[in-house]
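One structure is given here, and the rest of the page talks about it.
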Amino acid sequence: MTTTDIQHYENQRNLGSYRSTEWMSLGNCRLVEPDIFFPSDGAGVDKARKICSTCPVRDHCLEYALSEQIEHGVWGGMSERARRRLKSQRRAA
Ligand code: SF4
Numbered sequence: 133m134t135t136t137d138i139q140h141y142e143n144q145r146n147l148g149s150y151r152s153t154e155w156m157s158l159g160n161c162r163l164v165e166p167d168i169f170f171p172s173d174g175a176g177v178d179k180a181r182k183i184c185s186t187c188p189v190r191d192h193c194l195e196y197a198l199s200e201q202i203e204h205g206v207w208g209g210m211s212e213r214a215r216r217r218l219k220s221q222r223r224a225a
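Take the sequence shown: its position 56, counted from the start at 1, is 188 in this note's numbering, and no numbers get skipped.
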């Protein structure tokens, strides 16, 4: 990813345009089986989260999942449960 790419996505983020899906083509998950991000147990969640941990569009992914109310799978390095907890914390803040 170039500095221009990063600036472009930062600009999108600042504009709150999480509904755009351009960032998806830069995600680490493009290189692995999609099923990894829909794990059935904690070990699977950890495996997905590890891939997300170095993803250059992690923040975009997480905010997209939250804004689109995606309930299943690991997005932005967070499981369904972790996203529900984050949404709850944000509502309470
Ligand atoms: S944060 Fe994870 S699920 Fe989201 S784009 Fe990156 S690798 Fe894919």
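We put the beta carbon where it would ideally sit given N, CA and C, even for glycine.
For residue i, collect the residues of the same chain with a Cβ closer than 8 angstroms to its Cβ; drop the 5 residues on either side in sequence, then sort them by chain order.
i      : result
Leu147 : For Leu147, the predicted structure reports a pLDDT of 44, less than 50, and the residue's modelled location is therefore unreliable. A value from the coordinates is still provided. Within the same chain, Leu147 has no close Cβ partners at all.
Val177 : Pro171, Val206 and Ser211
Tell me which residues share the same chain as residue i and place their Cβ nearer than 6 angstroms to its Cβ, disregarding the 5 neighbours each side in the sequence.
i      : result
Asp167 : none
Glu200 : none
In the DSSP assignment, find the alpha helix (DSSP H) that holds residue i and state where it starts and stops.
i      : result
Leu163 : Counting along the chain, Leu163 falls outside any alpha helix (DSSP H), and DSSP gives it neither H nor E.
Val177 : Gly174 to Cys184
Alpha carbon to alpha carbon, what distance is there between residue j and residue i?
i      : j      : result
Leu158 : Phe169 : 16 angstroms
Glu195 : Gly208 : 8 angstroms
Met156 : Pro188 : 10 angstroms
Arg213 : Gly174 : 11 angstroms
Leu198 : Glu154 : 17 angstroms
Cys184 : His192 : 12 angstroms
Ala180 : Arg215 : 14 angstroms
Near residue i, what residues of its chain come up, given a Cβ to Cβ distance below 7 angstroms and the 5 sequence neighbours on each side ignored?
i      : result
Ser220 : none
Arg190 : Cys184, Gly208 and Gly209
Arg223 : none
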